[in-house]
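Position one of the sequence shown corresponds to residue 10 (our numbering), numbered consecutively onward.
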Amino acid sequence: IFDDKANEWRNYAICCVCCDAVGKPAAIIQKFPNKSDQVKNHLKKCKHFIEEQGGIEVAFKILDI
């Protein structure tokens, strides 16, 4: 989570899995508001998260989709 504000109440966040896979500077480019639906939306599309979890079925089960 960053000090940068997405709006008056929310900060920006980056995906830890993306940060580990591509490095922090590249992950910062893909930052998103720290809101549960935004986080879930990112993880649903994140190839690094899906690979780390062992496949799309497992990743979606974790995200409860």
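The beta-carbon is built from N, C-alpha and C at its ideal position, and this holds for glycine as well. Keep in mind it's a predicted model, so treat the numbers as computed, not measured.
{"Query": "Sub-9 Å separation of Phe69 and Val26 beta-carbons", "Result": "no"}
{"Query": "Cα-Cα separation between Lys54 and Leu72, rounded to whole angstroms", "Result": "11 Å"}
{"Query": "Local conformation of Phe69 per DSSP, three classes", "Result": "helix"}
{"Query": "Delimiting residues of the alpha helix (DSSP H) encompassing Phe11", "Result": "No alpha helix (DSSP H) holds Phe11; DSSP gives it neither H nor E."}
{"Query": "Beta-ladder partner(s) of Ala22, from DSSP", "Result": "Phe41"}
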